[in-house]
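Presented below is the structure to which this report refers.
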Amino acid sequence: MVDGVREPWWTRARRLVVLGAITVFTVLGAVDVTVTMVGALRPSTSTPASEIADEVLDGVAEGVAVDYLSWDARERERREQALRRWALPDREVDGWDGQGRQSADSAAVLARARRGVDQAVVTVRVRVVPYAPDEQAGAQNPSSTQPPAEEPDASPPVTESGVPAAQPAPTDPPGWQAHPARWLVLAVPLARHDGRVLLTAPPALVGDPGTTAGEPVPVVETVNDDRFTRETRQAVQNFFEALATGELDFVRAPRARVSSLESAVALVEVRQWRGMQAQPGAPPQQRAGVASVVWRVAENAGQLTCTYRLDLHRQDDRWLLAGIDIDTGKAP
């Protein structure tokens, strides 16, 4: 009633509808605000959609490392098939010389260095078993310098299933002798392409826990410096000899963080060295270049060609090794 006059029923109904609507909107608004605040305060544990997840990088890198460090001169096609599965289309990623025998397993990721959202270099430690030609077998057949071929098997061939791997069968075949296992560390360059994470360049052997450098020296990537290349050729030779043996104290620049290969391999040759011109305005005592190196693995079980980018620092009229990184190839 208003001033003693009863309100019409439709007026009361309209008032109830309005009050109900206000109540509903108030409750819904409070719930929405609460959900928003909880979402803002809860720490995000998901990987951004644009970035490759760590577990994806690690899984691919470990598979690549095992296949890359496994080989058998009698089954070259098997290894080539395994590496093609990991590599970018039409990208050559095999640095093995095709000789010897080695088996790899027990890969474990040590570190990841992201190069943007689509690329990364993953460092992996791998256990390898090198094989050498059996001297007794060679004595029985002195005219042969290679392990004897497999004897023909009268049984029908076995049809393989699943995804092929490069690792040889875990047996000692005629003509080969297994030697004690060793650990190698491999840097694996990866990139995303058509929804997959693939190998962009041949992996390279590095030190444990990995070779690292500070800020890369700016270079004009397409311009070689022939004079600088000639002047530093012997110094670069010394760098890689020291990298193999661990005697880095006389070739490493102050504060440089470069880990040796601890005699796991021996230097065969520096196949190519290209010193690069520095960017205009860069300090003259800082230079960089790219080297292609051939390593011989333990027990002469094979050879690998690896490509590195070197950062050099000039001190007291000597060029010293300031940093080392691997070649990651061109982005897809």
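In terms of our numbering, the sequence shown is residues 19 to 350.
Cβ atoms here follow ideal geometry from the backbone N, Cα and C, with glycine treated the same way.
Predicted model only: the values in this text are computed from it and were never measured.
Spatial distance of residue i from residue j (CA atoms)
i, j, result
"GLY116", "ARG92", "9 Å"
"ARG336", "ASN242", "20 Å"
"ARG305", "GLY134", "24 Å"
"GLU317", "VAL111", "24 Å"
"ASP90", "GLU98", "11 Å"
"ALA271", "PRO192", "48 Å"
"ARG214", "VAL144", "23 Å"
"TYR86", "LEU101", "7 Å"
"GLU249", "SER124", "42 Å"
"ALA131", "ARG327", "15 Å"
"ALA319", "VAL146", "11 Å"
"GLY347", "ALA126", "23 Å"
"ILE70", "GLY293", "33 Å"
"GLN295", "ARG200", "39 Å"
"ILE344", "ASP152", "35 Å"
"GLY113", "GLN297", "31 Å"
"ARG332", "TRP291", "17 Å"
"THR245", "ARG103", "Sequence inspection shows Arg at residue 245; the Thr mentioned does not correspond to that position. Roughly 41 Å separates the two Cα atoms."
"GLY307", "THR263", "22 Å"
"ASP226", "SER278", "7 Å"
"HIS197", "ASP334", "45 Å"
"GLN185", "GLU73", "23 Å"
"PRO350", "ALA219", "11 Å"
"ARG267", "GLU95", "Correcting the residue identity first, residue 267 is Asp in this sequence and not Arg. Looking at the two C-alpha atoms, the distance is approximately 42 Å."
"GLN303", "VAL286", "29 Å"
"PRO301", "GLU265", "28 Å"
"SER68", "ALA105", "21 Å"
"GLN120", "GLN321", "11 Å"
"GLU280", "THR247", "27 Å"
"ALA129", "LEU75", "11 Å"
"GLY299", "ASP108", "38 Å"
"ALA282", "ASP329", "23 Å"
"PRO148", "GLY118", "9 Å"
Heavy atom of the ligand SAH within 7 Å of residue i beta-carbon
i, result
"GLY81", "Inclusion of the ligand SAH in the displayed structure is not the case, the ligand content being empty and no account of it being possible."
Reduced DSSP category for residue i - H, G, I as helix; E, B as strand; rest coil
i, result
"THR250", "helix"
"ASN242", "strand"
"ASP123", "strand"
"PRO61", "With a pLDDT of only 48 at PRO61, under the threshold of 50, the placement of this residue in the model should not be trusted; the figure read from the coordinates follows. Residue state, collapsed to three classes: coil."
"GLU287", "strand"
"GLN303", "coil"
"GLN195", "strand"
"ASP90", "strand"
"THR163", "Only weak support exists for where THR163 lies, its pLDDT of 41 falling under 50; the coordinates are left without a value."
"ARG96", "helix"
"LEU261", "helix"
"VAL84", "helix"
"VAL74", "helix"
Residues sharing a beta bridge with residue i, DSSP
i, result
"ILE344", "TYR326"
"THR141", "ALA129, ALA205"
"ALA105", "LEU217"
"LEU339", "ARG270, LEU330"
"GLN321", "ARG314"
"ALA222", "ALA205"
"GLY293", "GLY307"
"PRO151", "TRP194"
"ARG200", "VAL146"
"ARG210", "VAL215"
Contact with chain C by residue i, beta-carbon distance below 8 Å
i, result
"VAL283", "In the displayed structure, chain C is absent; only one protein chain is listed."
Contact belief for residue i with residue j at Cβ below 8 Å, rounded distance in angstroms
i, j, result
"LEU204", "PRO221", "5 Å"
"ALA309", "VAL288", "6 Å"
"LEU338", "VAL269", "6 Å"
"THR323", "VAL312", "5 Å"
"GLN195", "ALA122", "Actually they are not in contact, since the Cβ atoms of GLN195 and ALA122 sit about 18 Å apart, beyond 8 Å."
"ALA83", "VAL206", "6 Å"
"ALA11", "ARG251", "The shown model of the chain, from 19 to 350, leaves out residue 11, and the question about it has no answer."
"VAL276", "GLY341", "7 Å"
The region 130-147 / the region 66-82 touching (three or more Cβ pairs under 8 Å): Yes: at least three Cβ pairs fall under 8 Å.
Are the region 252-261 and the region 207-219 in contact at 8 Å, needing three or more beta carbon pairs? Short answer: they don't touch.
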